[in-house]
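Participant: Have a look at this one.
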Amino acid sequence: MRICDICGQREGTLVDRTLKNNVQVEYAYCEACYKSLLKRGVNPQIEVDRIRKYNAKVCPVCGTTAEDVDNTLLFGCPECYNSMRAYALRIVAETQGATRHVGKVAIPFDLSKAGARSGYLKSDFSIYATSKDFVKRIFDTSELKIGGKRRFKTADECSENELTAPTVISSRVRLARNLRGLAFPSNMQPYCHNLDDELSGAYAASKGIFDARVRKICELDNSQKKALVERHIISLNLANNETNGAVIVDGGNTGFSVMINEEDHIREQCVVDGFDLQTAFKRLDAYDTNLMRNLPIAYDNELGFLTACPTNVGTGMRASVMLFLPALRWEGAIEDTLAKFKRSYGLTIRGVFGEGSEPLNDVYQISNSKTLGVDEKTTVAQVEEAVKMMCYCERVALEKLVLDKGNALLDDITRSYNFLTGANKLTYQEFSAEISNLKLGVILGILPKDLKTSQIDKLALLCSPSSIEIAMKNRLQNPSVLRAELVRAVLSEERC
Ligand SMILES: [Zn+2]
Ligand SMILES: [Zn+2]
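With the working numbering as the guide, the letters of the sequence shown map in order to residues 7 to 502.
Below, the structure written as structure tokens:
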């Protein structure tokens, strides 16, 4: 029995055949459906086409099937969201718990108004070199009052800034964007894809916003790639994409970077030191608006910005904050606290990994997990709220730690300090094993030299294997000796 294409239940007694693109297409209707469509003035064939498209399980543009997406959780191209509409809506609702985008709306792209697109290839890569001047600039402590140990403040005595400043390392906002009509990177055929178009549009959008420098992944050497990964500017995934991966870095050090052809065509981000998601968002939003003037960004009125993975659909935004939580670990409360926060805030909290798979000591990242049905401002506010609470918890744990284990703590910190300042050779493993204690010493104000926690964070970055490797270029030096020199210069009481 031929079933009615409209209701899918009764027998389709009225059969209709047409040639479409030289292929015979068949339509079948039951009498009731046929009559009701005509009554409403709807062409039955068009209605069946619409239903077939809506329920399709394969994208005619890129060939991706619903089964592929079930397996990888990645769509093949922006058009997949349209051509497998019912399936896409269902999987988005399942992963996001929401069905409708709120927040930033795409502006229509007008090719005639897109900015000038040339000149980006004249770029250099000097900004990640470690020079003595650079070290001096970071560790100039002239504005700090030296001498006089700080009295330890309890969590309730601390102002909001006093709670967040030692705990928050950096704040980051990232937006995922894709180009209409182009397969997502995981599904891309390298030979028919023009990387230069993507790059020149993303580059042109930086005009008046930041000092953009473009590099294709295949042009970077291994230590440059490692340095970018350690600084969270590119992911390991992108570092391995030699065929069509690229990155735009910020020569002016205002925190911008853009990954091209990572999981999405464009992943723009802005990172600022300390606790300031609002500034990171405001800066990035300006670039993002420019980007939409320069490239045709894939956007859907119902689902918002379209992304390779349905978990990013909507705002495409991830707002994240890096936190240093040593006292919670010392107190044995870190696992419980993290689990409690995940439950009560519905956010993602995870340990931060350094190069390779080594977790960075006591560093965690809090970020939003939903991108659909919640706008950008609300997302930032939710993450901020959780971060403030987490900082408060850390300070309470620190308070308890000082009361209960003050002497053991002091002993540990002093040993770490003496080890680091006394070493003539330091491997990265030796260095990173002590860095957490050292930073805790700074927070408690018990080191001989008055340092800021941000200076310790920067020292950690400068001592990473790739930074040392870059600093050593053209020098016959032992990396461990160079690292030890750097550490002594920063930590010993004499100014460097
Ligand atoms: Zn019917
Ligand atoms: Zn597709």
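The C-beta atom is built at its ideal place from N, Cα and C for all residues, glycine as well.
Alpha carbon to alpha carbon, what distance is there between Val496 and Lys142?
Facilitator: Caution applies to Lys142, whose pLDDT of 37 falls short of 50 and renders its modelled position unreliable; the value that the coordinates give is listed next. C-alpha separation (whole angstroms): 9 Å.
Participant: Is the distance from the Cβ of Glu269 to the Cβ of Arg180 below 9 Å?
Facilitator: No, Cβ-Cβ distance for Glu269 and Arg180 is not below 9 Å.
Participant: If you drop the 5 nearest sequence neighbours on each side, which residues of the same chain put their C-beta closer than 7 Å to that of Gln284?
Facilitator: Answer for Gln284: Val386, listed in chain order.
Participant: Can you say whether Gln371 is buried or exposed, counting buried as having 16 or more other CB atoms within 10 angstroms of its CB?
Facilitator: With 16 or more Cβ atoms within 10 Å of its Cβ, Gln371 is classed as buried.
Participant: Confirm the yes/no value for this check: CB of Gln388, any heavy atom of ligand 3, distance under 8 Å.
Facilitator: Absent from the structure shown: ligand 3. Ligands present: ligand 1 and ligand 2.
Participant: Hey, would you say Ile240 sits closer than 9 Å to Tyr209, going by beta carbons?
Facilitator: Their beta carbons are not under 9 Å apart, which means Ile240 does not touch Tyr209 by this criterion.
Participant: Assuming Cys276 is part of the beta strand (DSSP E), what are its boundary residues?
Facilitator: Ile272 to Asp279 is the extent of the beta strand (DSSP E) around Cys276.
Participant: Are the region 302-311 and the region 167-174 touching by the rule of at least three beta carbon pairs closer than 8 Å?
Facilitator: They do not touch, by the three-pair rule.
Participant: Taking 5 Å as the limit, tell me which residues put their C-beta closer than that to any heavy atom of ligand 1, in chain order.
Facilitator: Answer in sequence order: Cys10, Ile12, Cys13, Arg16, Cys36 and Cys39.
Participant: For a test of the three-state rule: what should DSSP assign to Ala414, helix, strand or coil?
Facilitator: DSSP places Ala414 in helix when its eight states are reduced to three.
Participant: Can you give me the start and stop residues for the beta strand (DSSP E) that Glu32 sits inside?
Facilitator: From DSSP, the beta strand (DSSP E) with Glu32 extends over Val29 to Tyr35.
Participant: First and last residue of the alpha helix (DSSP H) that includes Val56?
Facilitator: Going by the sequence as given, residue 56 is Arg instead of Val. Per DSSP, Arg56 belongs to the alpha helix (DSSP H) from Pro50 to Tyr60.
Participant: Please indicate yes or no: does the CB of Ala1 lie closer than 8 Å to some heavy atom of ligand 2?
Facilitator: Not covered by the structure: residue 1. The range shown for the chain is 7 to 502.
Participant: Please list, in chain order, all residues of the same chain as Ala245 whose beta carbon is under 6 Å from its beta carbon, the five residues on each side excluded.
Facilitator: Only Lys231 and Val235 meet the Cβ criterion.
Participant: Which of helix, strand or coil does DSSP assign to Asn167?
Facilitator: Of the three classes helix, strand and coil, the one that applies to Asn167 here is helix, per DSSP.
Participant: Output yes or no for whether 9 Å exceeds the beta carbon distance between Leu378 and His271.
Facilitator: Not closer than 9 Å, so no.
Participant: In the DSSP assignment, find the unbroken beta strand (DSSP E) run with Asp282 in it and report its ends.
Facilitator: Looking at the DSSP string, Asp282 is not in any beta strand (DSSP E), and its letter there is neither H nor E.
Participant: Sorry if obvious, but does the Cβ on Gly280 come closer than 8 Å to a heavy atom of ligand 2?
Facilitator: Answer for Gly280: no, Cβ out of range of ligand 2.
Participant: Please name the residue or residues paired with Gly357 in a DSSP beta bridge.
Facilitator: According to DSSP, which records beta bridges pairwise, Gly357 is partnered with Tyr370.
Participant: Going straight from the alpha carbon of Asn300 to that of Asp279, what length do you get?
Facilitator: In a straight line, the C-alpha of Asn300 is about 29 Å away from that of Asp279.
Participant: Does ligand 2 have a heavy atom nearer than 8 Å to the CB of Thr78?
Facilitator: No, ligand 2 has no heavy atom inside 8 Å of this Cβ.
Participant: Could you check where the beta strand (DSSP E) with Asp381 kicks off and where it finishes?
Facilitator: It is not in any beta strand (DSSP E) - Asp381 carries neither H nor E in the DSSP assignment.
Participant: Of the choices Ser192, Val220, Lys213 and Pro196, whose alpha-carbon is the least far from that of Leu205?
Facilitator: Comparing Cα-Cα distances from Leu205 to each of Ser192, Val220, Lys213 and Pro196, the minimum goes to Val220.
Participant: Should the region 65-78 be regarded as contacting the region 39-46, the criterion being three or more beta carbon pairs within less than 8 Å?
Facilitator: Too few Cβ pairs lie closer than 8 Å, so no.
Participant: Look up Ile113 in the DSSP assignment and say whether it is helix, strand or coil.
Facilitator: The answer is coil: DSSP assigns Ile113 none of H, G, I, E or B.
Participant: From Asn200 to Asn27, what distance separates their C-alpha atoms?
Facilitator: Cα to Cα, Asn200 sits roughly 30 Å from Asn27.
Participant: Using a Cβ-Cβ cutoff of less than 6 Å, which residues in the same chain neighbour Asn443 once the five nearest sequence positions on both sides are dropped?
Facilitator: Cβ neighbours of Asn443 beyond the five flanking positions: Asp418, Ile419 and Ser422.
Participant: When you compare the region 331-341 with the region 386-404, are there three or more beta-carbon pairs, one atom per stretch, that lie closer than 8 Å?
Facilitator: Output reads yes: the region 386-404 touches the region 331-341.
Participant: Is Phe81 near ligand 2, with its Cβ less than 8 Å from a heavy atom?
Facilitator: Under cutoff, so the answer is yes.
Participant: Check the C-beta distance from Phe287 over to Thr170 and give it rounded, since I have them as a contact under 8 Å.
Facilitator: About 17 Å separates the two Cβ atoms, so there is no contact after all.
Participant: Should Ile113 go down as buried or exposed, given a rule of 16 or more other Cβ atoms within 10 Å for buried?
Facilitator: The residue is exposed, with fewer than 16 neighbouring Cβ atoms inside 10 Å.
Participant: Tell me which same chain residues have a C-beta within less than 6 Å of the C-beta of Arg91, skipping the five on either side of it?
Facilitator: So the list reads Tyr60, once near-sequence residues are dropped.
Participant: So, helix, strand or coil for Arg23, using DSSP?
Facilitator: The answer is strand: DSSP assigns Arg23 an E or B state.
Participant: Is it buried or exposed for Met194, if we count other Cβ within 10 angstroms and need 16 for buried?
Facilitator: Label assigned to Met194: buried.
Participant: Give the list of continuous beta strand (DSSP E) stretches no shorter than 3 residues that lie fully inside the region 158-229.
Facilitator: Counting only runs of 3 or more, we get 174-183 and 218-222.
Participant: Would Lys110 be called buried (16 or more neighbouring beta carbons within 10 Å of its own) or exposed?
Facilitator: Counting Cβ neighbours within 10 Å, Lys110 comes out buried, since at least 16 surround it.
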